[in-house]
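K.L.:
Chains as they are written, first to last, in my numbering: chain A, 4 to 739; chain B, 4 to 739. Pasting a structure below so you can have a look.
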């Protein structure tokens, strides 16, 4: 997971179904517009249950809402119910009955209780990959009954209840519903890189709460990196003491995290990235490296040379001790050993290592890496643990039973499963790259028409959203994880046929509110951050304009930010416009939808174009407010000045296109390329942000260029023509 | 401490300079309007330094800003400088030079550094009451030089630097200035009650950061109460295990808090409230109570009977062990033993205790309390600690050297100092009672014309803002502490003559921004809280109206909330309108100032009345938006409906008064009492909130009633006439 492998950038395709940036933008249009959706899902739930039927009526929720158990009671479930009731109290302002001792009161009579939970047994003590997470939920106007074979299944049902609760003018209620639910994949994860930017325990906890709400069940913690060694080792304290700037999880804290996760039915899989990505290991233990030290903690982003020396017996001594210690700390059977992006520089430069390769018949650096992995595999096996690692560990010598974590491309899954290895997919789920939600959502590990055989498909355990942390702090990380990861959670839980992007976005807005209620800051971080950018003198009108402006921006995608801010490193404050802009602008999506309605229908239809026109007028107005205000006065917003100018240009191009459309006459020759050029100019990213509204504007201009020929096209031909004009293949001229 | 002594409510006057609620409101008018201010303070600093002179020019702050030490370097100061530079980086987006090891780089050459810190010595290891906190700061366009005799003094100077930093169109800078500063009082505290509602360590830490920014130096933690025992006792684990619902500070956490505070030059004074307020003590140790148990943790608010039994030797055994343990944990020489509101019920009902009083010649329950205190004093003395307690411990038998913490009224300070006891003032600083800032600000421990003798005045150590926690959660507590406590900090630090309320409010708005930057949530909690109240279906316009509406509200004052919500207890969610409304509404203050300008000048002056008219129109508009929208649709906002209606009435009354003023003609007979009655009606608190704009509206109506007689009054007579009409003494009719 080399979020910053610049050299590989042109060939690395983080999203298998998307090509160039332009096609991505076009894809947005297609997804929002012409693409046929699956059946719309009623209700608010995310992920959508395996089986869901709404019935007439509702179960009222008031202060007298009572709960009861039927059958055995598991402490984990009792706590889960307590969290559910607490969340409902906080949201509704209701106060449910409490006991004198302080907990929620449980009704003795299940028959008359508003909610009955019937759990067959506690299930595994520690959440496991093969845990039965199924449950059923029957809500009638009289009672809600949640049944599950395990406490984990019941916890999933509690998450569903939390999402089902609604309020309207008459009060709070649960809709009558019949749900029978179970996940599609057993491994549904979120990886958080706590190394490049340290993320303390409170960040982890609130993200665990968010994960529980959308039924994710694996927290993968990336604990060692060039930029930080983030776990306490009592056996080898030099590792964390010298490799972390004092920012690491103590073992007590890690136990707290593991317990917090287990209480929510979530496994914790630790990653210790070896043999590469190892600078922070060798700061305290330079003798383990493949080239002489000393080393300091890496502060920059990218792929670096320091790598453990697989020919050095001390390396295995340390790994045996360290992994044994970690095996005792982490109850999960899987330990992730990374294994990615070993660039081989230190190995190739070290004659002793090259001799070792020759002497042991290992062929090359890749062979040495496989040798290393098999040694590590043996250590893990000794401690009863299974090995998981990134794509690169796949090698003919990789011991059976290992799991391949695929990040590089769709082929990774195919290759690994072809050789009989179980896999977890992260390619297509790189949420740090700031792509829109729909791309992740449609990225199915086993899509319709998958080339994988049935046997191979069984080896696909699931997937993980990966949150690499070059560009996030504890203040901003939630806004990069959420709400988009909820859509990935749905992809991994819900039936394959659930893939209507419009409906996903509708439900995502609601689940985002529920996520906020768990304590996540993906929405609430923005107000203070924008006030900081605006500075002390900003008026309420200034702040509104800045908010509207920021809502039109997105952070640049893929690895573009590193190019925009090449000097940035671990010390750079991440409090700028790019940190306030959020992926997948809802305002831009709404604008694209309005443009889509316009260009699909009658081009001169004022009732449709008026919405587009109003948006353009808003842009001009806020650009004017900012251009003569904060972009001048606030030192933080000087970087916004060119963007404010670009927004004025974008609004102007849009207004010209609307004029042409309203006239119904062909524009003057040269108009189209001139407008597209203006858009190209305004689309150049600046301050690590960009305007996603450029794509719909290109379509608008394309439609205007053909305004007098609209009647000649079938719907399909029209779509194709607009695409060709708006997003011509490189080297082509923009003409129909 | 007895924020909820309902029985004492009518006689307990939390703010010595204010009388009835009406007079309070009138006082607001006077403070904002006619009252003559002291000389306006230039600049942004709060507290205002003892000596401050701005000079021409500015010192630019850019990425090359360099710092250097002159003289010895204290680790505490190094950390403090790191925090300052970090805060500046976060705010400005600049990145200063770092070392490879990760810290900020320090320039070798002090002569050319932008900032030089010259600290004579480290000062006390642990912050102490007699610490020298003075510093000087000289900023020229070339260099800033901070000099201090101790690290604590230098830390105070760093807080000044943090507040001095400004940005404008040309960039970031420190204004050229000469400051020589030292505090007026050595004990400047904030008390946080972590018992009634538990406040975890992160709340304490961010409040310590806020305290440091405004130079407060004592964190007083109220650690035991009827509703919770919040400190781990390793000797008597029953105390915290059974008395806390699991919500307590471990000793490790407390050491972390103490170190965090010490790093900021802040003392931590623990309070163990005995012998009353003791329910949580006797849950685990019922044998210590003065009546047979068992006991459960108290959930309601008020004064309760459970009290330790001073005749029981076991009580002193436990206190000896427990206080010995705490004396080792807390380095500060003072231990607060509470001692307030012992209602004597259990003592009076216990024949054994009454016999003990007789046998020992103790006269009465008060004598027994004094006996108990002298025993506790001896225990503390054994462990090298001094005793501090609330007003009620003052008794002829109180051992010399104890400190009286005065909460009941101004007489407490006089009585205690007359008997030679040092004192700390909290009467007038009860920030939980939701009074406006100016009242606390003008509450001087030793005001001009103080009746205290010079010797007595020397015994006034300072004061403490007290944050009792019946009505606050970790989410809302900051909004009750800040920014008002910054004004109290200024009262306790700055020279007595600094008391211009207008200028205080101007600077308070700025320091509130700086406080927000430390991580305090007094502003940022509101957005999410209002979104919750509004519910899922709220539009942006709905939310804006709700925000504007909430900004016009204040929580009810004094102990009114308990009367409004009599069933509320520790389990009640605090997520309603009263929790979103904040004390000292800025919108209401601005409206009052506009009304003040209007009624002081020419009553028909349209240029002045137009602002008032615009506010009234805004109120009507937002009342309309909410009245037909959220107040109907959102179950959380049903409670707002009567308030929305009241706001319409208030706007209507205001508009009628403006019409009368514009006409210049006397209103019809009966108009005045009718309008005042409408205001009375609309002023009735509901949902534990009220409209502070009622007071200026009363003045507006009063002015309108005299519109044709304005010319007959001198300024002073006019003011008196309006006061008499707007706020007639009880039983009086409203006539001039």
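For every residue, glycine included, the Cβ atom is placed at its ideal position computed from N, Cα and C. For clarity, every value in this text was computed on a predicted model and none was experimentally measured.
(1) Is it buried or exposed for residue 733/B, if we count other Cβ within 10 angstroms and need 16 for buried?
(2) For residue 454/A, which option in 642/A, 415/A, 724/A has the closest C-alpha, if you only look at C-alpha atoms?
(3) Using the Cβ count rule (16 or more neighbours within 10 Å means buried), how would you classify residue 34/B?
(4) Excluding the 5 residues flanking residue 729/A on each side, which residues of the same chain have their C-beta closer than 6 Å to its C-beta?
(5) Taking only three categories from DSSP, how would you classify residue 723/A?
(6) Quick check on DSSP: helix, strand or coil for residue 393/B?
(7) Write down the C-beta distance between residue 343/A and residue 259/A rounded to the nearest angstrom, noting that I regard them as a contact closer than 8 Å.
(8) Among the residues of its own chain, which have a CB less than 8 Å from the CB of residue 288/B, if the five just before and after it don't count?
(9) In the structure shown, what three-state DSSP assignment does residue 506/A receive?
(10) Is the number of C-beta pairs between the segment 675-686 of chain B and the segment 650-666 of chain B that are closer than 8 Å three or more?
(11) If you drop the 5 nearest sequence neighbours on each side, which residues of the same chain put their C-beta closer than 6 Å to that of residue 501/B?
(12) In chain A, what lies closer than 9 Å to residue 513/B by C-beta?
(13) Whose Cβ in chain C lies nearer than 8 Å to the Cβ of residue 527/A?
(14) For residue 65/B, which option in 104/B, 111/B, 171/B, 250/B has the closest C-alpha, if you only look at C-alpha atoms?
(15) Can a CB atom of chain B be found closer than 8 Å to the CB of residue 120/A?
(16) Pick helix, strand or coil for residue 227/B, following the three-state DSSP scheme.
(17) Can residue 216/A and residue 271/A be called in contact, C-beta distance under 8 Å?
(18) Please decide whether residue 96/A counts as near chain B, where near means a Cβ-Cβ distance under 8 Å.
(19) Hey, residue 62/B and residue 116/B are a contact pair by Cβ (cut 8 Å); roughly how many whole angstroms apart?
(20) Assign residue 128/A to buried or exposed, taking buried as 16 or more other Cβ atoms, counted over all protein chains shown, within 10 Å of its Cβ.
(21) Between residue 15/B and chain A, is any beta-carbon pair separated by less than 8 Å?
(22) Out of 424/B, 581/B, 545/B, 281/B, which has the shortest C-alpha to C-alpha gap to residue 632/B?
(23) What does the alpha-carbon distance come out to for the pair residue 580/A and residue 529/A?
(24) In chain order, what residues of the same chain lie with their CB nearer than 8 Å to the CB of residue 400/A, ignoring the 5 residues before and after it?
(25) Quickly, what does DSSP pair residue 196/A with across the bridge? List them, please.
(26) How many whole angstroms separate the CB atoms of residue 237/B and residue 254/B, which I take to be in contact at a CB cut-off of 8 Å?
(27) Which value, in whole angstroms, describes the spacing of the CA atoms of residue 692/B and residue 647/B?
(28) Assign residue 435/A to buried or exposed, taking buried as 16 or more other Cβ atoms, counted over all protein chains shown, within 10 Å of its Cβ.
(29) Run through the DSSP bridge pairs and tell me what residue 151/B is partnered with.
(30) 8 Å is my cut-off, CB to CB: does residue 39/B come that close to chain A?
(31) Have a look at residue 658/B and residue 486/B and give me their C-alpha separation to the nearest angstrom.
(32) Check whether the segment 498-516 of chain B touches the segment 547-565 of chain B, counting contact only when three or more Cβ pairs, one atom from each stretch, lie closer than 8 Å.
(33) Could you give the uninterrupted runs of the alpha helix (DSSP H) lying entirely in the segment 583-624 of chain B, keeping only those of 4 residues or more?
(34) Less than 8 Å separating the beta-carbons of residue 533/B and residue 550/B?
(35) Who are the Cβ neighbours of residue 121/A in its own chain at under 6 Å, not counting the five residues just before and after it?
(36) Shorter than 8 Å from the beta carbon of residue 205/A to some beta carbon of chain B?
P.N.:
The relevant details are as follows:
(1) exposed
(2) 415/A
(3) At residue 34/B, the pLDDT of 40 sits below 50, so the modelled position is not reliable; the number obtained from the coordinates is stated separately. Looking at its Cβ environment, which holds 16 or more other Cβ atoms inside 10 Å, residue 34/B is buried.
(4) 701, 702, 705
(5) helix
(6) strand
(7) Incorrect: roughly 29 Å between the Cβ atoms, too far for contact.
(8) 239, 241, 242, 321
(9) helix
(10) yes
(11) 51
(12) 539
(13) Reference to chain C is not applicable here, since the protein chains of this structure are A and B.
(14) 171/B
(15) no
(16) strand
(17) no
(18) yes
(19) Between residue 116/B and residue 62/B the Cβ distance is about 11 Å, and since that is not below 8 Å, they are no contact.
(20) exposed
(21) Residue placement at residue 15/B is poorly supported in this model, since its pLDDT is 34, which falls under 50; the coordinates are not used for a value here.
(22) 545/B
(23) 11 Å
(24) 370, 373, 374, 376, 377
(25) 225/A
(26) 7 Å
(27) 12 Å
(28) buried
(29) 122/B
(30) Here residue 39/B scores only 37 on pLDDT, less than 50, and its place in the model should not be relied on; the value that follows carries that caveat. No, its Cβ sits nowhere closer than 8 Å to a Cβ of chain A.
(31) 33 Å
(32) no
(33) 589-603
(34) yes
(35) 73, 74, 150
(36) yes
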